[in-house]
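Colleague: The following block contains the structure, expressed as structure tokens.
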Amino acid sequence: MNREPEILAGLDVGTTKIAVIVAEREPNSQAAQIIGIGTAPAQGIRKGVIVNFEQAVRSIKRAVRETQYMVGVKVASATVSFSGTEIHSLVSRGMVSLGKITRPVTTNDIERVIEAAQSELLVPANMFPLHTIPTKYSIDSNAGIDDPIGMTGLRLEMELQTIIVPNTVIQNIVNCVQSADVNVNGVLVKPLASALGSLTQDEMDRGVISICIGGGTTSIAFYSEGRPIKMSVIPIGGDHITNDLAYIMRLPIGTAEKLKEKLFANGNEVLEIENVEMHRNEAINTDTAVEIISCRLEELFTEHVAPLINSLGAAMFPGGVVLSGGVSKTPGIDELVSDILKLPVRIGVPLDYRVMPKGCHDSSYVNLDGVLRYILTKETSPYRFIETPISQLKLPPRDFLARAGKHGQRENKNQRVAHIGVIVEKIKTIIGDLF
138 MNREPEILAG
148 LDVGTTKIAV
158 IVAEREPNSQ
168 AAQIIGIGTA
178 PAQGIRKGVI
188 VNFEQAVRSI
198 KRAVRETQYM
208 VGVKVASATV
218 SFSGTEIHSL
228 VSRGMVSLGK
238 ITRPVTTNDI
248 ERVIEAAQSE
258 LLVPANMFPL
268 HTIPTKYSID
278 SNAGIDDPIG
288 MTGLRLEMEL
298 QTIIVPNTVI
308 QNIVNCVQSA
318 DVNVNGVLVK
328 PLASALGSLT
338 QDEMDRGVIS
348 ICIGGGTTSI
358 AFYSEGRPIK
368 MSVIPIGGDH
378 ITNDLAYIMR
388 LPIGTAEKLK
398 EKLFANGNEV
408 LEIENVEMHR
418 NEAINTDTAV
428 EIISCRLEEL
438 FTEHVAPLIN
448 SLGAAMFPGG
458 VVLSGGVSKT
468 PGIDELVSDI
478 LKLPVRIGVP
488 LDYRVMPKGC
498 HDSSYVNLDG
508 VLRYILTKET
518 SPYRFIETPI
528 SQLKLPPRDF
538 LARAGKHGQR
548 ENKNQRVAHI
558 GVIVEKIKTI
568 IGDLF
């Protein structure tokens, strides 16, 4: 009896775009084939955080519908990547004894040493420990071990990185996706997604920095010896560039956004942009626009990114910097960032770009590729990324929000009826007084 292919889906919740990737996998196979990508403009999201629940749900539904129409299969569940300005890395260490006689390390020992490291953590009550990532193992003080299972010794030690996010942020993300009729299989932070989607294994092993400049935030992941050692999110992104262009060049926001997109696509060519408010096309001085963008990028990398790198030591990252996200299409951004950080810089593209749909080969789709790679990596290497189950979040019942929405609609309708009734009574009173 032939079994149906398994459907794998990833959903990237961004400030300016909601994107969905779907892959299918044949039974008994570890490889997955990408069959489609769908997107929709994001609304109700600011700096990676949901600020209008209903608008965000509608945006997710639109992206899912577009994807389903394209691939011809239902997206019933997905692994979700998200951002936010309150993503923090905590480092802890653990040690367990393997006994008085040397013996091989087992999966049970890995679980024990992870528990020992986690017991050293002090996670604030308002934060949720989303990812637990082993970064270093050592056996009997011999460091640099990538996978200790099967190796012998007396003592197993590890260094653990735990990614924590506010409870409310992740609750809202999960509620929002589930309210769009998509079950949440898992959740990952955007710095991890962009790194997995753009960094080669050689770069990770040498030491490299992944920087994804999105619409509302800039996500950073630092890799050393093949593992992420720190993650951070800066609340500056492409929307700030749009606002700069609008303010300095005296353009409507929509016109400034079109100017930015055309610059990313066409470089420094002479551009004509439609000014919607003035109902006319305007010739744009691209040199001025590029200078404005460069000033904002210089601020981002000089005042925010460089101090993070210096705190760890630039010498740890001979692989340099890999840029991704829509803003990485800025003409000359690689040279600008290299001059500021004194590190080699390349523009990242999805590692699986050869098998991605047409039009999805650039740095804007790195996060989606990363979500898919995260799903597959967790299956083949279960201790690489240990995700706290979503079931540990205190979530309302699946139909709670729908019922609340309907109740609100009824309440509003009743209020409108009552309001109309008051007006009618006033009109009757006025007529009575007149006659």
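Numbering (the numbering used here), first residue to last: 138 to 572.
Glycine included, every Cβ here is placed at the ideal spot set by N, Cα and C.
(1) Kindly provide the ranges of any beta strand (DSSP E) runs that are 3 or more residues long and lie completely inside the segment 145–229, ordered along the chain.
(2) For S528, does the three-state DSSP call read helix, strand or coil?
(3) Look at the Cβ atom of I357, then the Cβ atom of L437, and state whether they are nearer than 8 Å.
(4) Within 8 Å, do at least three Cβ pairs link the segment 158–173 to the segment 508–516?
(5) State yes or no: is the C-beta of A200 within less than 8 Å of the C-beta of G175?
(6) By the DSSP assignment, the alpha helix (DSSP H) with R249 in it spans what residues?
(7) Please determine if the segment 379–399 and the segment 248–261 are in contact, where contact requires at least 3 C-beta pairs separated by less than 8 Å.
(8) When you compare only the Cα positions, how much space is there between H498 and V208?
(9) Let's test the definition: count the other Cβ atoms within 10 Å of the Cβ of C432 and tell me whether it reaches 16, buried, or not, exposed.
(10) Pull the bridge partners of C349 from the DSSP assignment, please.
(11) Take every Cβ of the segment 182–202, pair it with every Cβ of the segment 243–251, and state whether three or more of those distances are shorter than 8 Å.
(12) Would you mind listing the beta strand (DSSP E) stretches within the segment 476–517 that are 3+ residues and don't spill past its ends, in chain order?
(13) For a test of the three-state rule: what should DSSP assign to F438, helix, strand or coil?
(14) Assign Y520 to one of three DSSP states: helix, strand, or coil.
(15) Roughly how many angstroms separate the alpha carbons of T354 and T222, rounded to a whole number?
(16) Work out the CA separation of L297 and V370 for me, nearest whole Å.
(17) Please confirm whether F265 and I224 have their CB atoms less than 8 Å apart.
(18) May I have the straight-line CA-CA distance separating N279 from P365, to the nearest angstrom?
(19) On a Cα-Cα basis, can you pick out the residue from I300, N322, E362 that is closest to V217?
Modeller: Answer, in terms of the structure:
(1) 154–162, 170–178, 214–219
(2) helix
(3) Going by C-beta atoms, I357 is not nearer than 8 Å to L437.
(4) yes
(5) G175 is positioned such that its CB atom lies closer than 8 Å to that of A200.
(6) If you look at R249, you'll find it in the alpha helix (DSSP H) that goes 244–255.
(7) no
(8) 18 Å
(9) exposed
(10) S356, S461
(11) no
(12) 482–484
(13) helix
(14) coil
(15) Taking the CA atoms as reference points, T354 sits about 7 Å from T222.
(16) Those two C-alpha atoms are separated by around 20 Å.
(17) Result no, Cβ atoms of F265 and I224 do not sit closer than 8 Å.
(18) 20 Å
(19) N322
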